[in-house]
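Only one structure is covered here, and it is reproduced in the block below.
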Amino acid sequence: MEGTQFLTILDALRLCGKFLGLFFLPVVLYAETHYRFKYFFSFLSKPEPEIIADAPHRIDPQNDLPILFFVKDADRYPCELIEIAVNLKGSSVSERIVLFSGIYKLSERFWWRIYHIPVSHFHGFVESDVEFTIRRKGRIKKYHNDNYRTSGHTPLRTYISGDKLPQFDNLLFGEIHSHSNYTNDQVEYGAPPGASIELCKPMGLSFFCITDHSYDLDDSIDNYLEFDGTFPKWKELDAEVRKLNETDNKFIVIKGEEVSSRNHRGQNVHFLMLGNERFLEGGGDSAERWLQTRSEHSVKNLLDIKEPGSVAIAAHPFEGVSILQKILLGRGKWQKNDFEDDRLQGIQFINGALTHSFYEGYEFWKNQLLSGKKIFLYAGNDAHGNFNRFRQIGIPFLLIKEHGDQLFGKMRTGVYTPEFTLEALLKALKSGHSIATDGPAINFTEENSEKSIIGSCLSTASKNFSLIAVSTPEYGTLKNITITAGIKGENFEKVIFSADFPNEYRFKKNFEFSTDRDAYIRAEIWTNPLNSCDKKSHFCLTNPFWLIK
Numbered sequence: 010m011e012g013t014q015f016l017t018i019l020d021a022l023r024l025c026g027k028f029l030g031l032f033f034l035p036v037v038l039y040a041e042t043h044y045r046f047k048y049f050f051s052f053l054s055k056p057e058p059e060i061i062a063d064a065p066h067r068i069d070p071q072n073d074l075p076i077l078f079f080v081k082d083a084d085r086y087p088c089e090l091i092e093i094a095v096n097l098k099g100s101s102v103s104e105r106i107v108l109f110s111g112i113y114k115l116s117e118r119f120w121w122r123i124y125h126i127p128v129s130h131f132h133g134f135v136e137s138d139v140e141f142t143i144r145r146k147g148r149i150k151k152y153h154n155d156n157y158r159t160s161g162h163t164p165l166r167t168y169i170s171g172d173k174l175p176q177f178d179n180l181l182f183g184e185i186h187s188h189s190n191y192t193n194d195q196v197e198y199g200a201p202p203g204a205s206i207e208l209c210k211p212m213g214l215s216f217f218c219i220t221d222h223s224y225d226l227d228d229s230i231d232n233y234l235e236f237d238g239t240f241p242k243w244k245e246l247d248a249e250v251r252k253l254n255e256t257d258n259k260f261i262v263i264k265g266e267e268v269s270s271r272n273h274r275g276q277n278v279h280f281l282m283l284g285n286e287r288f289l290e291g292g293g294d295s296a297e298r299w300l301q302t303r304s305e306h307s308v309k310n311l312l313d314i315k316e317p318g319s320v321a322i323a324a325h326p327f328e329g330v331s332i333l334q335k336i337l338l339g340r341g342k343w344q345k346n347d348f349e350d351d352r353l354q355g356i357q358f359i360n361g362a363l364t365h366s367f368y369e370g371y372e373f374w375k376n377q378l379l380s381g382k383k384i385f386l387y388a389g390n391d392a393h394g395n396f397n398r399f400r401q402i403g404i405p406f407l408l409i410k411e412h413g414d415q416l417f418g419k420m421r422t423g424v425y426t427p428e429f430t431l432e433a434l435l436k437a438l439k440s441g442h443s444i445a446t447d448g449p450a451i452n453f454t455e456e457n458s459e460k461s462i463i464g465s466c467l468s469t470a471s472k473n474f475s476l477i478a479v480s481t482p483e484y485g486t487l488k489n490i491t492i493t494a495g496i497k498g499e500n501f502e503k504v505i506f507s508a509d510f511p512n513e514y515r516f517k518k519n520f521e522f523s524t525d526r527d528a529y530i531r532a533e534i535w536t537n538p539l540n541s542c543d544k545k546s547h548f549c550l551t552n553p554f555w556l557i558k
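In terms of this note's numbering, the sequence shown is numbered consecutively and its last residue is 558.
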C-alpha cells in the first residue's frame with residue numbers, strides 16, 4: 010500500500026545484512042555516532058556534535074603538551090562552546106588551566122584547536138582531564154574528554170619523557186598507516202591532517218602517511234554513501250597535503266591510500282599504497298553496496314598499474330577475519346601466492362600491538378626471506394586519530410569501546426635517509442632503509458667502503474659490519490640482542506651473535522661475515538620489561554642486508 014511504513018522482506022534483509030556487516034567491521038577510528046539505520050533506534054546518537062579531546066601518548070623532553078579539541082558535525086547540530094579547561098595530575102603536581110572561556114559559536118562540519126600546555130615541571134606519566142561546557146538550544150551540558158554515551162570519559166594519559174626517542178643521525182621516525190578525516194563514513198572518522206602534525210612533532214615524529222580507505226575517498230564530499238567518479242575527496246586530500254608540505258619544512262606528510270583489492274582467492278585484502286598520484290579504486294568491502302563485495306582490482310592488477318615511484322605494502326595481512334566479514338564483506342587474509350610479485354615492497358605485520366598477528370607475520374616474513382624473497386618489514390598502527398586512546402564503536406548504536414593499543418606513532422617505522430624531502434623519504438621506504446620499533450633503535454652498517462645502510466644489496470665477499478643499539482629509561486635497558494643470517498633455501502636462520510645484558514642502554518659490536526651463497530643478515534633487540542616505564546618489553550627489528558653472489 011502506498012505510503013505505508015512497513016518494511017518489505019527485502020528491506021529487512023538488507024538492513025539486517027548491513028547491520029551485521031558494520032557490526033563486524035574492525036572499526037578503529039574516532040566513533041561516528043550520528044548514523045543509524047532507518048527505523049532503528051540508536052542509543053549512541055544524540056542531537057549534539059561529536060566532541061573529543063586527544064593528546065599524544067608520549068612526548069620528548071622540553072616540549073609543551075599539545076591537546077587537540079575536535080568537534081565534528083556542528084554544521085548539523087550547531088552549539089555554543091562556553092569553556093574548556095584541563096586538570097593536570099602528575100606524581101607530585103596538580104593544577105587546573107582554563108584554555109577557553111567565553112562564547113564561541115560552533116557551526117562547521119570539522120572544527121579543531123590545539124592548546125599547548127607547559128609541562129616542564131611534570132615528569133613521568135601525567136593525566137589530563139579535559140573539561141568542556143557547551144550550550145545547545147538553551148541547555149548547558151558539561152563533559153570530560155568526550156561527549157560519547159557509554160564511554161569512560163577518563164583522563165588522557167601521557168608520558169613526559171626525560172629522553173628523546175632513541176636516535177641516530179639521518180634516522181627519521183614516522184607513522185606509515187594512519188587515517189584522517191577524509192576517512193569518514195557510517196561508523197568512523199579520523200583526525201584532520203593539520204592537527205595530526207601538531208601532535209606528532211613533540212612525540213619525536215618527522216613524517217606520517219595518510220592512508221585513508223579507498224572506499225571512503227571515492228565518496229561525494231557531502232554524502233559518504235554516494236559514489237562520485239570525479240573523486241573530489243581524493244583531489245581535496247591531495248591539495249591539502251601539498252599545502253601542508255609547502256607550509257612546513259620540518260615535517261613531511263605522505264599522501265597514500267589503504268586500497269581494498271582481491272587476493273589470490275578473490276577475497277578482499279588491504280594494500281598500503283604510498284606516494285601514488287593517481288587514485289586507485291577499491292570498494293568491495295565498503296558495506297555501501299548490498300552483496301557487492303568484488304573490489305575493482307586484484308593484487309596483481311594494482312601492482313601493474315601503480316606508479317613506479319610509489320611504495321606498495323601488504324597492510325596488516327594476518328589480522329583475524331570473522332565468518333560474517335567473509336560472507337558479508339568478502340574479506341580474507343593475504344595468501345602466500347599474493348607475495349610472489351617482486352613489485353610488492355613489503356609487509357606491515359606490526360600493527361599497533363604485539364598480538365598473534367604480529368608473531369604469525371614475523372614467522373611468515375622470516376620464511377619469505379629464507380626462500381630468497383626480498384621483502385621489507387614496516388611498522389604502523391592503523392591509527393585514526395587515537396593518539397592517546399583507541400575509541401571505537403563496540404556494539405553499533407549501543408556501546409563505545411576503548412583501549413590503549415593502535416595509538417598513532419606507538420609502533421614506528423624509522424627511515425634512514427640523508428635528505429629530508431618527500432622524494433628521498435619515499436625512495437628510502439621503497440628500498441627498505443628502515444627499522445621497525447616501539448622504542449629502542451639500531452644503527453646497522455657495512456663498513457668496507459662507503460657506509461652501506463640497512464636494506465642494501467652487497468656482494469658475498471667478506472664484509473665488516475658495525476651494529477649500535479640504544480635504549481632509554483622510558484623503554485628499559487637492553488635485555489637481548491640477536492644478529493642472524495639466513496642462507497637462501499635453508500629452513501632456519503643461523504644465529505651469528507646473541508647476548509643478554511643486565512643493565513645497559515647502549516651496545517656496540519663490530520664483526521665480520523662472509524658466505525659463498527646468496528644470503529641476508531639482520532638484527533633485533535628486546536628490552537627489559539622490569540625497568541621500562543610501562544613494565545613492557547620493547548623491540549626493534551631491522552630490515553636485512555642482502556648478500557648476493
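Glycine residues also receive a C-beta, built at the ideal position from the N, C-alpha and C atoms.
| Query | Result |
| --- | --- |
| N- and C-terminal bounds of the beta strand (DSSP E) containing K98 | C88 to K98 |
| Exposed unless 16 or more other CB atoms sit within 10 angstroms - verdict on N346 | exposed |
| Whole-angstrom distance between T493 and Q377, CA atom to CA atom | 15 Å |
| Residues sharing a beta bridge with Q354, DSSP | In DSSP, Q354 forms no bridge with anything. |
| Beta-carbon spacing of S304, S269 below 9 Å | yes |
| Local conformation of H365 per DSSP, three classes | helix |
| Exposure of L234, with buried meaning 16 or more beta-carbon neighbours within 10 Å | exposed |
| Closest by C-alpha distance to F501, when choosing among S170, L379, F385 and L174 | L379 |
| Length of the line joining the Cα atoms of F52 and I409 | 10 Å |
| Inter-residue spacing [alpha-carbon to alpha-carbon] between H365 and C88 | 45 Å |
| Pairwise C-alpha distance: E316 and G423 | 24 Å |
| Inter-residue CB distance, I169 and H132 (contact presumed, cutoff 8 Å) | 6 Å |
| Close Cβ partners of R515 (< 6 Å) along its chain, the five nearest in sequence each way excluded | V479 |
| For S471 and N562, the rounded distance between their alpha carbons | Past the boundaries of the shown model lies residue 562; the chain is included only from 10 to 558, so the question cannot be answered. |
| Residue nearest to A296 in terms of C-alpha spacing, selected from M420, N72, D351 and D228 | D228 |
| Buried or exposed (CB count within 10 angstroms, at least 16 for buried), C218 | buried |
| V479, DSSP secondary structure in three states | strand |
| I61 versus R158 - alpha carbon distance | 12 Å |
| Inter-residue CB distance, L476 and K503 (contact presumed, cutoff 8 Å) | Between K503 and L476 the Cβ distance is about 16 Å, and since that is not below 8 Å, they are no contact. |
| Residue burial classification, E57 (beta-carbon count within 10 angstroms, cutoff 16) | buried |
| Inter-residue spacing [alpha-carbon to alpha-carbon] between L407 and N395 | 20 Å |
| Given Y191 as reference, the closest of L208, G265 and P211 once Cα atoms are compared | G265 |
| Beta-carbon proximity list for N254, same chain, < 7 Å, skipping 5 on both sides | I261, V262 and L431 |
| F134 vs L90 beta-carbon contact at 9 Å | no |
| Close Cβ partners of G161 (< 7 Å) along its chain, the five nearest in sequence each way excluded | E411 |
| Where A494 sits in the DSSP three-state scheme | strand |
| Closest by C-alpha distance to Y529, when choosing among K545, H547, W535 and I557 | I557 |
| The region 164-184 touching the region 143-152, judged by at least three CB pairs closer than 8 Å | no |
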